[in-house]
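Following: one structure in structure tokens, then a few remarks.
2 protein chains.
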Amino acid sequence: MFSLSEENYLKAIFHLERKYAGGVSTNALAEEMETKASSVTDMVKKLSEKDLVKYRKYQGVHLSEKGKRTAIEVIRKHRLWEVFLVEKLNFSWDEVHDIAEQLEHIKSEKLTDELDKFLGHPKRDPHGDPIPDGDGNFRISNKMLLADLEEGQAGICVGVKDSSTEFLRYLDKNEITLGKAIKIVQREEYDESLLIKINDKDLRISKTISKNLFVKPIES
Amino acid sequence: MFSLSEENYLKAIFHLERKYAGGVSTNALAEEMETKASSVTDMVKKLSEKDLVKYRKYQGVHLSEKGKRTAIEVIRKHRLWEVFLVEKLNFSWDEVHDIAEQLEHIKSEKLTDELDKFLGHPKRDPHGDPIPDGDGNFRISNKMLLADLEEGQAGICVGVKDSSTEFLRYLDKNEITLGKAIKIVQREEYDESLLIKINDKDLRISKTISKNLFVKPIES
DNA sequence: AAGTAATTTTAGATAAGTCTAAAAATTGTT
DNA sequence: AACAATTTTTAGACTTATCTAAAATTACTT
Ligand SMILES: [Mn+2]
Ligand SMILES: [Mn+2]
Ligand SMILES: [Mn+2]
Ligand SMILES: [Mn+2]
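Protein sequences appear in the order of chains A and B. Under the numbering used here, residues 1 to 220 are what the first sequence spells out, in order. Under the numbering used here, residues 1 to 220 are what the second sequence spells out, in order.
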């Protein structure tokens with residue numbers, strides 16, 4: 001149906017629309033796609049022709065309903081394949097993204113649906129991101145950044161914002177994994193670092209870390 | 001490493017070298033690739049530059065060692081994915097080829113190896129074709145065409161030559177599946193059709209069918 | 001409100017892979 | 001061996017996706 005490149009643009013626009021509700025700018029999209037603004041303009045025109053986006057010159061771009069459906073379908077496939085790689089093929093969560101970037105473009109509705117069934121209809125991928133169902137519905141959850149918890153508060157680690165290999169390896173090294181409870185022991189105002197309790201041990205983490213870890217706060 | 005198109009050409013040359021040992025002609029390759037001879041010439045030149053094939057103008061093309069290794073790796077992936085689709089995702093053997101054509105181009109050595117392990121190191125794909133191991137070694141087997149058995153002889157059905165949906169559906173409809181025993185009851189010289197015994201029933205099959213079914217003859 | 005800076009679009013070029021039409025080489029036939 | 005038929009290659013064009021450089025538009029600053 002759509003080319004690999006078109007699908008990647010749609011996915012990028014989808015993700016950026018969270019941050020830029022008023023329309024995704026050419027430059028923002030160029031940065032996300034690691035390409036030049038002029039290339040973005042060309043592609044956005046093409047997507048517009050195909051009614052995948054709404055585009056007005058100089059005014060940024062929005063996904064159309066059709067574009068949004070397509071983007072979500074690609075994201076669904078990406079996350080299902082990530083689950084497959086981790087759950088069935090012994091990959092660790094820091095190794096799966098690049099392969100999923102390839103697998104997400106495989107075209108077969110039956111394949112996606114059977115994979116979903118085979119995996120037991122997982123609700124989240126290995127990084128805690130929600131997997132849309134076949135109709136494109138996401139499960140929304142009340143997650144927040146660890147950085148936004150107050151001193152004394154606790155939460156369950158439910159996801160990562162940065163899912164780069166480097167960050168995920170840092171988390172592994174410090175035994176921070178999804179599902180674990182984290183409590184803010186002390187906030188250091190000066191550098192915004194946090195002293196947290198996890199695995200019954202105290203650990204000092206920088207702002208960089210706490211701004212990239214999602215937790216579900218524990219009511220207490 | 002190599003583009004999807006390059007990989008498909010290498011695979012096609014590999015398959016055609018069985019039939020045309022003296023070199024694969026431009027036209028034969030064009031037909032296999034469903035493209036024009038001029039496109040083939042262009043691509044063959046490119047593959048030659050990259051030392052994937054040996055090519056002399058007007059003299060046809062051969063795979064180099066490097067080209068052969070690459071082709072076998074693609075075939076390995078194709079067949080492993082076909083096994084995955086049938087064994088794990090409830091696909092039938094006539095539905096998997098087109099999807100495997102896409103999956104065979106996914107680049108990750110670890111993925112291939114883990115998939116192989118996950119599937120229990122299968123030796124054959126759903127159509128009876130051998131799956132090369134990680135070093136590119138094929139299991140060779142003494143299969144022959146059903147058409148070449150003599151009256152009274154019997155064999156175990158071990159593979160198909162044509163793996164089109166249409167042929168595989170015909171086999172399903174007539175309950176001809178891999179592993180079953182087939183005996184030649186009678187050969188009709190006029191149209192080269194055969195009366196065979198399978199599933200304890202007599203069945204008349206045309207030359208077209210018997211020329212596309214591989215059997216391993218039963219010593220008797 | 002004008003002028004400058006930043007962003008975005010256009011114009012023209014490039015690479016991969018394909019095509020058609022024409023030229024060149026090989027093969028087959030007398 | 002010469003001519004015709006077939007095969008293969010070349011030349012030139014097209015599409016997709018990208019780039020650089022220049023022009024157009026919008027945003028910011030005074
Ligand atoms: Mn990912
Ligand atoms: Mn993920
Ligand atoms: Mn196949
Ligand atoms: Mn097969």
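No residue lacks a Cβ here, since even glycine has one placed at the ideal position from N, Cα and C.
Looking at residue j and residue i, is the spacing between their C-beta atoms short of 8 Å?
| i | j | result |
| --- | --- | --- |
| I176 (chain A) | C157 (chain A) | yes |
| L10 (chain A) | L52 (chain A) | yes |
| H127 (chain A) | V160 (chain A) | yes |
| A12 (chain A) | N27 (chain A) | no |
| S163 (chain A) | H97 (chain A) | yes |
| K143 (chain B) | F214 (chain B) | yes |
| R187 (chain A) | E151 (chain A) | yes |
| M33 (chain A) | V40 (chain A) | yes |
| A154 (chain B) | I131 (chain B) | no |
| I72 (chain A) | G136 (chain A) | yes |
| R169 (chain B) | D94 (chain B) | yes |
| I99 (chain B) | L111 (chain A) | yes |
| Q102 (chain A) | K88 (chain B) | no |
| E166 (chain B) | V74 (chain B) | no |
Applying the criterion that 16 or more other CB atoms from any shown protein chain within 10 Å of the CB defines a buried residue, is residue i buried or exposed?
| i | result |
| --- | --- |
| H15 (chain A) | exposed |
| E49 (chain A) | exposed |
| D200 (chain B) | exposed |
| G179 (chain B) | exposed |
| R76 (chain B) | buried |
| S210 (chain B) | buried |
| N90 (chain B) | exposed |
| E109 (chain B) | exposed |
| L47 (chain A) | buried |
| I196 (chain B) | buried |
| L4 (chain B) | exposed |
| I140 (chain B) | exposed |
| I198 (chain B) | buried |
| D116 (chain B) | buried |
| D125 (chain B) | buried |
| D113 (chain B) | exposed |
| D129 (chain A) | buried |
Starting from residue i, trace the alpha helix (DSSP H) in both directions and tell me its first and last residue.
| i | result |
| --- | --- |
| S193 (chain B) | No alpha helix (DSSP H) contains S193 (chain B), which is instead part of the beta strand (DSSP E) from 193-198. |
| Q102 (chain A) | 97-103 |
| R79 (chain B) | 65-87 |
| A28 (chain B) | 26-33 |
| A181 (chain B) | No alpha helix (DSSP H) holds A181 (chain B); the beta strand (DSSP E) holding it covers 181-188. |
| K46 (chain B) | 37-49 |
| I209 (chain B) | 207-210 |
Could you give the first and the last residue of the continuous beta strand (DSSP E) run that contains residue i?
| i | result |
| --- | --- |
| R18 (chain A) | R18 (chain A) -> not in any beta strand (DSSP E); alpha helix (DSSP H) instead, spanning 4-19. |
| Y55 (chain A) | 53-55 |
| F91 (chain B) | Where F91 (chain B) is concerned, there is no enclosing beta strand (DSSP E), given that its DSSP letter is neither H nor E. |
| L213 (chain B) | 213-217 |
Report yes or no: do three or more beta-carbon pairs, one from the segment 139-153 of chain B and one from the segment 184-194 of chain B, lie closer than 8 Å?
With the cut-off at 8 Å, the segment 139-153 of chain B and the segment 184-194 of chain B touch.
Determine contact between the segment 54-67 of chain B and the segment 64-82 of chain A, defined as no fewer than three beta-carbon pairs at a distance below 8 Å.
By the Cβ rule, the segment 54-67 of chain B does not count as touching the segment 64-82 of chain A, because fewer than three pairs are nearer than 8 Å.
Is the number of C-beta pairs between the segment 69-87 of chain B and the segment 21-37 of chain B that are closer than 8 Å three or more?
In short, these stretches do not touch, since the Cβ pair count stays below three.
Please give me, in chain order, every unbroken run of the beta strand (DSSP E) with length at least 3 that falls completely inside the segment 108-167 of chain A.
If we require 3 residues or more, the beta strand (DSSP E) runs fully inside the segment 108-167 of chain A come out as 154-160.
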